[in-house]
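Engineer: Residues 1 to 374, numbered by this note's numbering, are exactly what the sequence shown covers, in order.
Glycine included, every Cβ here is placed at the ideal spot set by N, Cα and C.
As the structure is a prediction and not an experimental result, all values here were calculated from the model.
The following block contains the structure, expressed as structure tokens.
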Amino acid sequence: MKNLVAKSVKPLAAVFLLTVVFMACETNPGVEPQNDILPAKFGVDVPSAISNQGAISGRVAGRVSEDILQGNDIYQHLETFIWIGESAAQVVEDIINGIRQHNIDRALTLTYESDDDGRTKNLVVVESPEYEGVVYEYGLTITDADSEGNQDGGYAMQIFWNRNPIKGVAIIKPFNLDRLHDADAGEALFKIEYDSDSDLGYDAHMIVSIANLTLDEPTVDPYSMRTLKMFVGKAGDVVDVYGNSNHPNAQFFTTDTGFNWAFVAAGDDTNGLGIAEVGLPPSTLDATSREVILGTYSMKNVFTEQIHAAFPGISQDMIDLYLMNTAAPGYFTNEGFVAGGTPPSGLWSDLELRIQDLVPYNPVEVTNLHIRFQ
1 MKNLVAKSVK
11 PLAAVFLLTV
21 VFMACETNPG
31 VEPQNDILPA
41 KFGVDVPSAI
51 SNQGAISGRV
61 AGRVSEDILQ
71 GNDIYQHLET
81 FIWIGESAAQ
91 VVEDIINGIR
101 QHNIDRALTL
111 TYESDDDGRT
121 KNLVVVESPE
131 YEGVVYEYGL
141 TITDADSEGN
151 QDGGYAMQIF
161 WNRNPIKGVA
171 IIKPFNLDRL
181 HDADAGEALF
191 KIEYDSDSDL
201 GYDAHMIVSI
211 ANLTLDEPTV
221 DPYSMRTLKM
231 FVGKAGDVVD
241 VYGNSNHPNA
251 QFFTTDTGFN
261 WAFVAAGDDT
271 NGLGIAEVGL
281 PPSTLDATSR
291 EVILGTYSMK
301 NVFTEQIHAA
311 FPGISQDMID
321 LYLMNTAAPG
331 YFTNEGFVAG
341 GTPPSGLWSD
351 LELRIQDLVP
361 YNPVEVTNLH
371 IRFQ
């Protein structure tokens, strides 16, 4: 399958270069700095067995032969999508750490010149802000000063958080953070929801949402990503992941266009093991059932149906051979794909049980995902 995410990664990767440097005075000077009020953590790390930043190449389309579709080619896409979501949370932590050196210890206002794009940014910290019906202990907003009169208000970043336990929401618009390196980020927005004291049966969890990624022209790259929503929950050394990414122009073997990459996965960091199940529902599917999203629209079912449509005379035996590694679930180690459908051993038994309770999001809701600042 052609590179689904090369364009999608660019805005996110560029944000990693961000280092916030303040070169101005506080509007309320004379107050001796106290303890740092910024959150110490704002994300959940994903085991490497199910998260991969490696480049993607090749395409699942065109012709079917007696060759077998390899597991690493199938699941490398999933691992990259998970890595994108994980990286978005890391971006938030990187920015917080850049701010931390300036002893943000209370409600205040700063103006600084960005070390990245040379533009003036305004930073405001307030107490008891409200976001989406929830009142938090603190809120921090960064705007691009010269863009505050624009329709988007010049918003570059907002964080709302409680300190103990750490719980909060962060929203980022890369274009307004760094006009120089993120000039092609357009209207892309990232949102991270983090809870260090999860009430969902985890030690901690986060929800990553990404919207408005710029799509390539379909003739150049039909597989670029538009939106993503992903849940990550950590319980001891095990991490559960589920979610969807949407690719409006994606095609496989036929001219059918627009698919979600819907997935559930679990990884054991201590033992270097991972397991995943993938569905390819149409972007317009309105469904919440695991049986529909991962069953009816399992990767194997979708590919089988598309191959029959594209190659009416092909034998089922040839299709089954070609798609043998698409049987769910897929089993992994830190070295990559091991097997599909049948576990190589009993080492994955606990992870198998975990993913049975995980369900991707409703595909159409991810397709229509919107993110807003306060």
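#1: Beta-carbon within less than 6 Å of residue 44's beta-carbon, same chain only, minus the 5 sequence neighbours each way: which residues are those?
#2: Does the beta-carbon distance from residue 241 to residue 230 come in below 8 Å?
#3: Bridge partners for residue 233 per DSSP, in chain order?
#4: Three or more C-beta pairs closer than 8 Å, one from the stretch 84-104 and one from the stretch 256-267: is that the case here?
#5: What's the call for residue 140, buried or exposed, on a 16-neighbour Cβ count within 10 Å?
#6: Identify every residue that forms a DSSP beta bridge with residue 158.
#7: Can you tell me where the beta strand (DSSP E) holding residue 195 begins and where it ends?
#8: I need the straight-line Cα distance from residue 83 to residue 46, nearest angstrom please.
#9: Out of 349, 160 and 151, point me to the one whose CA is closest to residue 271's CA.
#10: Along the chain, where does the alpha helix (DSSP H) that runs through residue 361 open and close?
#11: Give the list of continuous beta strand (DSSP E) stretches no shorter than 3 residues that lie fully inside the stretch 237-279.
#12: From what residue to what residue does the alpha helix (DSSP H) around residue 311 run?
#13: Determine whether the beta carbon atoms of residue 332 and residue 275 lie at a separation below 8 Å.
#14: Could you tell me the alpha carbon to alpha carbon distance between residue 339 and residue 180, rounded to whole angstroms?
#15: What are the boundary residues of the beta strand (DSSP E) that residue 98 is part of?
#16: Let me confirm a value: residue 39 is counted as buried when at least 16 other C-beta atoms fall within 10 Å, else exposed. Which label applies?
#17: Report, in whole angstroms, the separation of the C-beta atoms of residue 267 and residue 49, which I expect to be a contact under 8 Å.
#18: Tell me the DSSP secondary structure of residue 228 in three-state form.
#19: Determine the burial state of residue 243: buried for a count of at least 16 other Cβ atoms within 10 Å of its Cβ, exposed for fewer.
#20: Rounded to the nearest angstrom, what separates residue 93 and residue 163 at their Cα positions?
#21: Got a sec? Which residues, its chain only, sit under 7 Å from residue 298 by beta carbon, not counting five neighbours each side?
#22: Exposed or buried, what is residue 370 when buried is set at 16 or more other beta-carbons lying within 10 Å of its beta-carbon?
#23: Near residue 124, what residues of its chain come up, given a Cβ to Cβ distance below 6 Å and the 5 sequence neighbours on each side ignored?
#24: Between residue 290 and residue 356, what straight-line distance do the alpha-carbon atoms span, to the nearest angstrom?
#25: Going by C-alpha distance, which of 307, 308, 326 and 277 is nearest residue 293?
#26: Have a look at residue 296 and residue 361 and give me their C-alpha separation to the nearest angstrom.
#27: Please classify residue 148: does DSSP put it in a helix, a strand, or coil?
#28: Is the distance from the Cβ of residue 194 to the Cβ of residue 42 below 8 Å?
Structural biologist: Concretely, from the data shown:
#1: Reading the sequence shown from its first residue, position 44 is the one you call residue 44. Close CB contacts of residue 44 within its chain, under the 6 Å cut and outside five residues either way in sequence, are with 204, 206, 232 and 234 (chain order).
#2: To locate residue 241, count along the sequence shown from 1; it is residue 241. To locate residue 230, count along the sequence shown from 1; it is residue 230. Their beta carbons are under 8 Å apart, which means residue 241 touches residue 230 by this criterion.
#3: Counting from 1 along the sequence shown, the entry for residue 233 is found at position 233. 205 and 240.
#4: Fewer than three Cβ pairs drawn from the stretch 84-104 and the stretch 256-267 lie within less than 8 Å of each other, which leaves the two stretches out of contact.
#5: On the sequence shown, position 140 is the one that residue 140 refers to. The residue is buried, with at least 16 neighbouring Cβ atoms inside 10 Å.
#6: Position 158 of the sequence shown holds residue 158. Its beta-bridge partners are 141 and 171.
#7: Counting from 1 along the sequence shown, the entry for residue 195 is found at position 195. First-last of the beta strand (DSSP E) with residue 195: 189-195.
#8: What you label residue 83 is simply residue 83 of the sequence shown in a count that begins at 1. What you label residue 46 is simply residue 46 of the sequence shown in a count that begins at 1. So the two alpha carbons sit approximately 8 Å from each other.
#9: By one-based count along the sequence shown, residue 271 stands at place 271. Answer by Cα proximity: 349.
#10: Locating residue 361 in the sequence shown gives position 361, where the first residue counts as 1. Per DSSP, residue 361 is not a residue of any alpha helix (DSSP H), being assigned neither H nor E.
#11: The stretch 237-279 contains these whole beta strand (DSSP E) runs: 238-247, 259-268 and 273-279.
#12: As a working note, residue 311 is residue 311 in the sequence shown. For residue 311, there is no enclosing alpha helix (DSSP H), as DSSP marks it with neither H nor E.
#13: Sequence index remark: in the sequence shown, residue 332 carries index 332 (1-based). Sequence index remark: in the sequence shown, residue 275 carries index 275 (1-based). It is a contact, given that the beta carbons lie within the stated cut-off.
#14: On the sequence shown, position 339 is the one that residue 339 refers to. On the sequence shown, position 180 is the one that residue 180 refers to. Within the model, the alpha-carbon separation for residue 339 versus residue 180 is close to 44 Å.
#15: Here the question's residue 98 lines up with position 98 in the sequence shown. If you look at residue 98, you'll find it isn't in any beta strand (DSSP E); it sits in the alpha helix (DSSP H) that goes 71-100.
#16: Here residue 39 refers to the residue found at position 39 when the sequence shown is read from its first residue. With 16 or more other Cβ atoms from the protein chains shown falling within 10 Å of its own Cβ, residue 39 counts as buried.
#17: Taking the sequence shown and counting its residues from 1, the one referred to as residue 267 is at position 267. Taking the sequence shown and counting its residues from 1, the one referred to as residue 49 is at position 49. Confirmed, Cβ separation roughly 5 Å.
#18: To locate residue 228, count along the sequence shown from 1; it is residue 228. If DSSP states are grouped into helix, strand and coil, residue 228 belongs with the strands.
#19: Along the sequence shown, one-based indexing puts residue 243 at 243. Answer is buried; the Cβ neighbour count reaches 16.
#20: As a working mapping, residue 93 is identified with position 93 in the sequence shown. As a working mapping, residue 163 is identified with position 163 in the sequence shown. In this structure, the CA atom of residue 93 is about 15 Å from the CA atom of residue 163.
#21: In the sequence shown, residue 298 corresponds to position 298, counting from 1. Excluding positions up to five away in sequence, the list reads 279 and 328.
#22: As a working mapping, residue 370 is identified with position 370 in the sequence shown. Under this definition residue 370 is an exposed residue.
#23: The sequence position of residue 124 within the sequence shown is 124, counting from 1. 109 and 141.
#24: Working through the sequence shown from its first residue, we reach residue 290 at position 290. Working through the sequence shown from its first residue, we reach residue 356 at position 356. Between residue 290 and residue 356, the C-alpha separation is close to 9 Å.
#25: As a working note, residue 293 is residue 293 in the sequence shown. That would be 277, whose Cα lies nearest to the Cα of residue 293.
#26: In the sequence shown, the residue the question calls residue 296 occupies position 296. In the sequence shown, the residue the question calls residue 361 occupies position 361. Rounded to the nearest angstrom, the gap between the Cα atoms of residue 296 and residue 361 is 15 Å.
#27: Along the sequence shown, one-based indexing puts residue 148 at 148. Coil, per DSSP.
#28: Along the sequence shown, one-based indexing puts residue 194 at 194. Along the sequence shown, one-based indexing puts residue 42 at 42. Taking the C-beta atoms as reference points, residue 42 is found nearer than 8 Å to residue 194.
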